[in-house]
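Residue numbers (our numbering): 17 to 147.
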């Protein structure tokens, strides 16, 4: 457990497939979807930064008081990589993810949930005592 005896946050790493490629390539739409998801999750938005690549793709971050939402899109594959990290109890990362997948018309979603700030996850990092 963490020093506080509870997780510091939850991180969702999502692979969303068979999305609407036109939405994935439109910076304005991607930004609106991500900001909307943060609001639906009850997050406090601090900063929003998005960039469109040539010939295609969008990357962006919505910085929230409770951590962040990020996205990287590959319209040519109808795919996006989404990361949602939240701290505290009043923000629901699953609500944000549901909003994102619905708004992109995703047909397939694979998600890994990571509990952050838990000391019992030593197996995921190098243990200095083993060196």
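Backbone N, C-alpha and C define an ideal beta-carbon position, used for all residues, glycine too.
Inter-residue spacing [alpha-carbon to alpha-carbon] between residue i and residue j
i	j	result
residue 34	residue 89	12 Å
residue 18	residue 44	Confidence at residue 18 is low in this model, with a pLDDT of 46, below 50, so its placement is unreliable and the value that follows should be read with caution. C-alpha separation (whole angstroms): 39 Å.
residue 123	residue 63	29 Å
residue 68	residue 100	20 Å
residue 127	residue 85	14 Å
residue 144	residue 70	Note on residue 144: pLDDT 48, under 50, position unreliable in the model; the coordinate value appears next. Cα to Cα, residue 144 sits roughly 44 Å from residue 70.
residue 60	residue 108	12 Å
residue 110	residue 56	10 Å
residue 83	residue 22	17 Å
residue 106	residue 36	30 Å
residue 81	residue 87	18 Å
Beta-carbon spacing of residue i, residue j below 9 Å
i	j	result
residue 96	residue 120	yes
residue 29	residue 130	yes
residue 24	residue 103	yes
residue 118	residue 92	no
residue 74	residue 38	no
residue 48	residue 125	no
Bridge partner(s) assigned by DSSP for residue i
i	result
residue 78	64 and 85
residue 25	103 and 132
Distance between beta carbons of residue j and residue i, contact taken as under 8 Å
i	j	result
residue 77	residue 65	5 Å
residue 54	residue 112	6 Å
residue 132	residue 26	7 Å
| task | Let me know the alpha helix (DSSP H) ranges lying completely inside the stretch 85-124, each 4 residues or longer, listed in chain order. | result | Runs of the alpha helix (DSSP H) inside the stretch 85-124: 109-119.
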